[in-house]
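Asks: In the numbering used here, the protein residues as written are 580 to 1104.
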Ligand code: MSP
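#1: Residue 846: beta carbon under 6 Å from a heavy atom of the ligand MSP?
#2: Measuring straight from C-alpha to C-alpha, what distance separates residue 707 and residue 797?
#3: What I want to know is whether the C-beta of residue 877 ends up closer than 6 Å to one or more non-hydrogen atoms of the ligand MSP.
#4: Would the beta-carbon of residue 884 be found less than 6 Å away from any heavy atom of the ligand MSP?
#5: Would you check whether the ligand MSP has a heavy atom nearer than 6 Å to the C-beta of residue 603?
#6: Got a sec? Which residues, its chain only, sit under 8 Å from residue 1045 by beta carbon, not counting five neighbours each side?
#7: Quick check: the segment 847 to 854 against the segment 872 to 880, are there 3 or more CB pairs under 8 Å?
#8: Could you pull the DSSP bridge partners for residue 801 from this structure?
#9: Determine the DSSP secondary structure at residue 684, reduced to helix, strand or coil.
#10: Which residues does DSSP list as the beta-bridge partners of residue 700?
#11: In this structure, does DSSP put residue 1067 in helix, strand or coil?
#12: Please return the same chain residues whose Cβ sits closer than 7 Å to the Cβ of residue 580, not counting the five positions on each side in sequence.
#13: Nearer than 6 Å: is that true of the beta carbon of residue 593 relative to any heavy atom of the ligand MSP?
#14: When you compare each of 680, 1097, 827, 704 to residue 933 by their alpha carbons, which one comes out closest?
#15: Taking the runs of the beta strand (DSSP E) that are 3 residues or longer, which of them lie wholly in the segment 723 to 796?
#16: Would residue 919 be called buried (16 or more neighbouring beta carbons within 10 Å of its own) or exposed?
#17: I need the boundaries of the beta strand (DSSP E) containing residue 623, first residue and last residue.
#18: Tell me where the beta strand (DSSP E) around residue 969 begins and ends.
#19: Starting from residue 1135, trace the alpha helix (DSSP H) both ways and give me its first and last residue.
#20: Please go through the same chain and pick out, in chain order, the residues whose beta-carbon is closer than 7 Å to the beta-carbon of residue 854, but skip the five residues on each side of it.
#21: Below 8 Å on the Cβ atoms is my guess for residue 666 versus residue 895; work out the distance and round it to an integer in Å.
#22: Do residue 820 and residue 686 have their beta-carbon atoms positioned less than 7 Å apart in this structure?
#23: Can you name the start and end residues of the beta strand (DSSP E) that residue 676 belongs to?
#24: Once DSSP output is grouped into helix, strand and coil, what is the label at residue 710?
#25: Exposed or buried, residue 643, counting other C-beta atoms within 10 Å across all chains shown (16 or more means buried)?
#26: Tell me whether residue 584 sits in a helix, a strand or coil according to DSSP, three-state version.
#27: With DSSP run on the structure shown, which of helix, strand or coil describes residue 1104?
#28: Bridge partners for residue 904 per DSSP, in chain order?
#29: Taking the alpha carbon of residue 1013 as the reference point, which residue from 1026, 1031, 1021, 1022 has its own alpha carbon closest?
#30: For residue 922, name the three-state secondary structure that DSSP assigns.
#31: Among the residues of its own chain, which have a CB less than 7 Å from the CB of residue 1104, if the five just before and after it don't count?
#32: Following a CB-centred definition, is residue 677 positioned closer than 6 Å to any heavy atom of the ligand MSP?
#33: Could you confirm whether any beta carbon from chain C is found closer than 7 Å to the beta carbon of residue 1032?
#34: For residue 1048, I'd like the list of residues in its chain whose CB is within less than 6 Å of its CB, leaving aside the five on either flank, ordered along the chain.
#35: Under the three-state reduction of DSSP, which class applies to residue 813: helix, strand or coil?
Take a look at the structure:
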């Protein structure tokens, strides 16, 4: 059984045939927010991402660019996939490449074990293959080609022609695991989330599973099958194993035991690989199945799944260069219900940036620090007696923290953020009602002014902690301006549970001026 204080989260590993777009970055940010939140909960957290480098798709791209596939992969990893991590501020603990020796060796070990235990056999195969998906397609996912592809069978996802493959292949006895998988889904209702994804997978498995072709002979860019070097391993069988080879499987049993099982965050297009094939592979090897598989929705641009191949791809840096990485992270976590599709538009991004980040949160922080500088010389005042309105704020901090933590446990990131944002809205309302600028006019109301400004400063402390997983840069800047770093250390080291505890900011703390956290952006036209 997984211990409750351990959290291992993964993203899919990304194909290196092309550079990242915001759909890839979306998966990464979601996993990163979860990892950061769990670290701040004090959970033993491990966050893995990486790249998927074998297979026909990568081979063809490399060849088209007159490079060897390894040279191509090295170049893409160095120039695009590693830099993406800093572009969007990702705090992964490891980065696995499927060309790493630690991966290749242990994939072979895993295959050999399944072969020795008769879960793998040799057979003939003839089926329609989509190189874009790196997957054989059943009739139900094949459509008739149109335009240039008239008369051809094309992939429903990529709208590109399929290729008929006839090969001698090795097969994994996936069909033997249908009932075991259905039992797993029944006994562990949270195994696949959200509910719609779970239902779809159950219906798919109930139809009966075919065995899975797991080797190829028509090209050699892959991990050789250990007992027959004329075959290379099917790219998905190779790729799924990254989650355990990176965690220590085959090399470091203690590390593996302390990390596994993982929570997998994946796009809904690759849910079946993770919720059907992957647990069956692990069951065959006698390894514990993942803790959970969460299928998130697609980012849509102009109503279609955003993708490079359909030329709707947007590079993450196109957004971060203008809005910054915090805004990128906030926008995708806030505007899209995690688990559902969501439309991206520049207008929506710009509007939320201005209304929520700049006016709602940034302005609240700057105003508070400016008032405290003006009325108390930038030193946190001693609160006097608390009124009903002040106590309401204290109660809200506690309730919102608990609720947000609960939502994160359910992977409902957008709900968690909405809970935290109640604090932003409540504080803006509180300042409007309390009118500190009026209280500042007379000596008599100075004690009340002190209580009001203490209340807002202390609530900003809580906000910095709770928002650090989503907008780490702004939260750290605010934390420093609140004067909290000398006594408490960086904001990312603060516990979520402390956010709702009242009175941690000490009166007498010296605050500093704060530059606008989300400066106004001049948009063209
Ligand atoms: N290499 C495989 C995964 C192997 S995991 C053992 C793969 N790679 S991918 O680069 O094509 O996609 C990686 C992730 O990006 C997937 O979760 C996919 O759903 C996600 N996205 C790609 N386009 C997307 C959108 N337009 N919107 C949201 N996520 C999208 O599949």
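The beta-carbon is built from N, C-alpha and C at its ideal position, and this holds for glycine as well.
Replies: With the given structure in hand:
#1: Yes, the beta carbon of residue 846 sits closer than 6 Å to at least one heavy atom of the ligand MSP.
#2: So the alpha carbons of these two residues sit roughly 15 Å apart.
#3: Yes, Cβ of residue 877 sits closer than 6 Å to a heavy atom of the ligand MSP.
#4: At least one heavy atom of the ligand MSP is nearer than 6 Å to the Cβ of residue 884, so yes.
#5: Because some heavy atom of the ligand MSP lies under 6 Å away, the Cβ of residue 603 counts as near it: yes.
#6: Result list for residue 1045: 979, 980, 983, 999, 1002, 1075, 1078, in chain order.
#7: Per the Cβ contact rule, the segment 847 to 854 is in contact with the segment 872 to 880 (3 or more Cβ pairs under 8 Å).
#8: None, per the DSSP bridge assignment.
#9: In the structure shown, residue 684 sits in a helix (DSSP, three-state: H, G or I).
#10: Bridge partners of residue 700: 750.
#11: The answer is helix: DSSP assigns residue 1067 an H, G or I state.
#12: Low per-residue confidence applies at residue 580: pLDDT is 40, beneath 50, and the placement is therefore not dependable, though the value from the model is reported in the following sentence. Within the same chain, residue 580 has no close Cβ partners at all.
#13: Checking the Cβ of residue 593 against the ligand MSP gives yes.
#14: By alpha-carbon distance to residue 933, the top candidate from 680, 1097, 827, 704 is 1097.
#15: Fully enclosed beta strand (DSSP E) runs of 3 or longer: 732 to 734, 742 to 751.
#16: Counting C-beta atoms within 10 angstroms of its own C-beta, residue 919 has fewer than 16 neighbours from the protein chains shown and is therefore classed as exposed.
#17: First-last of the beta strand (DSSP E) with residue 623: 623 to 631.
#18: Run containing residue 969: none in the beta strand (DSSP E); it sits in the alpha helix (DSSP H), 967 to 988.
#19: For the chain, the structure presents residues 580 to 1104; residue 1135 sits outside this window and is missing.
#20: Taking residue 854 as the centre and dropping the five residues before and after it, the same chain places the C-beta of 771, 780, 872 closer than 7 Å to its C-beta, in chain order.
#21: With 8 Å as the limit, residue 666 and residue 895 qualify as a contact, their Cβ atoms being about 5 Å apart.
#22: Yes, Cβ-Cβ distance for residue 686 and residue 820 is below 7 Å.
#23: Taken as a continuous stretch (DSSP letters only), the beta strand (DSSP E) holding residue 676 covers 673 to 676.
#24: In the structure shown, residue 710 sits in coil (DSSP, three-state: anything other than H, G, I, E or B).
#25: The residue in question, residue 643, is exposed, as its Cβ has fewer than 16 Cβ neighbours within 10 Å.
#26: Three-state result, residue 584: coil.
#27: Bear in mind that a pLDDT of 45 at residue 1104, under 50, signals an unreliable position, so the number given afterwards is only what the model happens to contain. Coil at residue 1104, not helix or strand.
#28: Looking at the DSSP assignment, residue 904 forms no beta bridge with any residue, so it has no partner.
#29: Scanning 1026, 1031, 1021, 1022 for the CA closest to the CA of residue 1013 turns up 1031.
#30: Residue 922: strand per DSSP, three-state reduction.
#31: Residue placement at residue 1104 is flagged as unreliable, the pLDDT there being 45, under the threshold of 50; a coordinate-derived value is accordingly withheld.
#32: Not under cutoff, so the answer is no.
#33: The structure shown contains no chain C, having only a single protein chain.
#34: Excluding its 5 nearest sequence neighbours in each direction, residue 1048 has C-beta neighbours in its own chain below 6 Å: 612, 615, 616, listed in chain order.
#35: Residue state, collapsed to three classes: coil.
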